[in-house]
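**Student:** So for the sequence shown, our numbering puts the first residue at 112; every next one is plus one.
Built from N, CA and C at the ideal position, the CB exists for glycine as well.
The structure's right below; bear with me while I get my questions together.
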Amino acid sequence: MSGIWLRALTLLLWGCVWAAGVGMTPGWAAELGSPVYFETRYADVYYTDGKALGDFLWRISGRRFYPAEDNAEAVSSVDYLVDRVQSILDMRPDPFKFRVDVLSGYTKGDIAAYLPNGRSIKVYADRVTDGVFAHEVAHAVMDQYFESALPRKVQEILAQYVDRHLWEDY
Ligand SMILES: [Zn+2]
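Structure below.
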């Protein structure tokens, strides 16, 4: 093989390695505009901005920590809340997995929403509360627990119940 072809092949291979690395980066080194995610037992949490992720975790857990240094804490703060929601509803879908998209820069409209088609929760890190997030997780639980969807009105009443009674027995 001549030198030029060998070089081209090497470049191509490095390109593939690079693309594979970029395409599936579960981790904390988020740069603006390139979403990365971390995986918990129940959720894949996508974010583009490490600060927004920190705000989100703080607002749902009441604790401030740096995800990059404390991955286990970040994972458990999400799963802890999801476990609470499941035990209040007494519904434990299995398997149960959903996606969270952590956004920032809220202006107007819903602070959070569950989208059944993508099994995903979109949430604004700068406005969310633990109750708001739990409300949307309740929608995710109900969506995946029942084979045919509950009437909207019933879902809404149950999700509001979860929000109101989240820490009642604590
Ligand atoms: Zn709702």
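Alpha carbon to alpha carbon, how far is residue 252 from residue 160? Give it in angstroms, no decimals.
**Tutor:** Taking the straight line from one Cα to the other gives about 27 Å.
**Student:** Just the Cα atoms here: how many angstroms apart are residue 154 and residue 210?
**Tutor:** Distance between the alpha carbons of residue 154 and residue 210 is about 5 Å.
**Student:** Taking 6 Å as the cut-off, does the CB of residue 251 come closer than this to any heavy atom belonging to ligand 1?
**Tutor:** No; taking the cut-off as 6 Å, the Cβ of residue 251 has no heavy atom of ligand 1 nearer than that.
**Student:** If you reduce the DSSP assignment to three classes, tell me which class residue 133 lands in.
**Tutor:** For residue 133, the predicted structure reports a pLDDT of 42, less than 50, and the residue's modelled location is therefore unreliable. The matter cannot be settled from this model.
**Student:** Taking DSSP as the reference, what is the three-state secondary structure of residue 190?
**Tutor:** Of the three classes helix, strand and coil, the one that applies to residue 190 here is helix, per DSSP.
**Student:** Report the three-state DSSP secondary structure of residue 239 (helix, strand or coil).
**Tutor:** DSSP places residue 239 in coil when its eight states are reduced to three.
**Student:** Check the DSSP bridge columns for residue 174 and list the partner residues they point to.
**Tutor:** Answer is none; residue 174 lacks a bridge partner.
**Student:** Under 6 Å Cβ to Cβ from residue 203, same chain only, skipping five residues before and after it: list those, please.
**Tutor:** Excluding residues within five positions, the ones whose Cβ falls inside 6 Å are 197.
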